Amino acid sequence: MTDLARPAAHPAADPTARTTGRHRSLSPRRAVLYACMVLVAIVMMFPLYWLVISSLKRPEESARIPATWWPHALDFSAYVRVFEDVPFARSFMNSVLFAGVCATTVVVTSVLAAFVFAKYRFRGRNALFWVLVLTMFLPPIVTIVPLYNMMSALGLNDSYLGVMLPWFANAFGIFLMRQFIADVPDELIDAARIDGAGELRVVTQIVAPLLKPPIVTLFVFAAVYYWNNFLWPLTILQSTEKFPITVTLAQLLSYNTTVQYQSVVMAGVLIASLPTLIIFLIAQRVFVQGISQSGVK
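Have a look at this one:
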């Protein structure tokens, strides 16, 4: 009776068996896949590695051929010089202003315009939308001269508003938001209207809360794009104190001082890259969710 009452040991309860099965599941095909993923990760991370070690080298070591893969002596003076040789702190704050204001405004205008394209019926709606989509395929360089003439006519040359105004709306943002707003049930919007909600309240309190992943995705895309924007600020601005970080870093480069300032430039680029990395790390989960959802639209 005692033997019958004793529970029999199940083979699956043996941790060794589970470990053995896990090792057996690593087929040659899967091993090749993992190796390719590791190789791609190394290739993608190598520029960041080179950026870091180059910022820690002395000028004479930066000029050495063949290049050294690790500095012989760590030198952090470049991180001090980048703030002394150019107005780096002021330019950094200018970039924060440009990227923050433009990204926030793009999200607002994209949601409002996308709501109109997705939920309103009017003549020429589809034609107007596809004309808007076609502007996404124009090279940015094509619009530089018309935008410059427009800002000059408005008297906005060499001004913060002149840098930001052309980027307050974005065709890609409108296109992305429209794809998501089109899936919001019309019954939900009609119920809010019956309860007395105006159109702005419908957008802000009914539609927008349902769009958290795509809104975060658009904000990250826009913030990174405007943070890295170089050509337009260089075209419209003349005052050094108004330059964003991208234009200021370019001032360190010349044919005569490339080697001398290489570590300083690398230190500046590394510091300038931190905000975009921080934004992505903070919004990583929602950002990936938004990308996944947009992929099935």
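FYI, the numbering for the sequence shown is 1 to 297, going by this note's numbering.
All C-beta atoms in this analysis are idealised placements derived from N, C-alpha and C, irrespective of residue type, glycine included.
None of these values were measured; they are calculated from a predicted model.
Ranked by how close their Cα comes to the Cα of PHE175, the residues ASP75, TRP130, THR68 and TRP227 have TRP130 in first place. Note on geometry: alpha-carbon atoms of VAL224 and TRP69 lie some 29 Å from one another.
Contact between the region 211-229 and the region 117-133 is absent: fewer than 3 CB-CB pairs across the two stretches fall below 8 Å. In its chain, beyond the 5 residues on either side, THR235 and ILE236 have a beta carbon closer than 7 Å to the beta carbon of TYR148.
When rounded, the separation of the alpha-carbon atoms in VAL107 and SER91 is 24 Å. If you draw a straight line from the Cα of LEU231 to the Cα of LEU281, it comes to about 27 Å. For a cut-off of 8 Å, the C-beta gap from PHE115 to ILE181 is around 6 Å, short enough to register as a contact. Nearest neighbour of ILE279 by Cα position, chosen from ILE53, VAL216 and ALA192, turns out to be VAL216. Taking a C-beta distance under 8 Å as the contact criterion, ALA267 and TYR79 qualify as a contact pair.
Taking 8 Å as the cut-off, the Cβ atoms of PRO87 and THR240 count as close. LEU231 sits in a helix when the DSSP states are folded into three classes. Runs of the alpha helix (DSSP H) lying entirely within the region 126-194 and spanning at least 4 residues, in chain order: 144-153, 160-164, 171-181 and 186-194. Taking a contact to require three or more Cβ pairs closer than 8 Å, the region 206-214 and the region 44-60 do not qualify as touching.
Counting only the Cα atoms, LEU112 lies some 9 Å from MET177. If you check the CB distance, PRO275 and PHE98 do not come in under 8 Å. SER54 carries a helical assignment under DSSP once its states are collapsed to helix, strand and coil.
Look at VAL86 here: in three-state DSSP terms it is coil, with no helix or strand label. Around the beta carbon of ILE194, a 10 Å sphere encloses fewer than 16 other beta carbons of the protein chains shown; the residue is thus reported as exposed. Non-local beta-carbon contacts of LEU74 in its own chain, meaning distances under 7 Å to residues more than five positions away in sequence, involve LEU56 in chain order. Going by C-alpha positions, ALA171 is about 47 Å away from ARG64. The three-state reading of DSSP puts ARG29 in helix, counting H, G and I together. VAL133 and GLN262 have their alpha carbons spaced roughly 41 Å apart. Measuring C-alpha to C-alpha distances from VAL52 to each of VAL264, ARG285 and ALA118 identifies VAL264 as the nearest.
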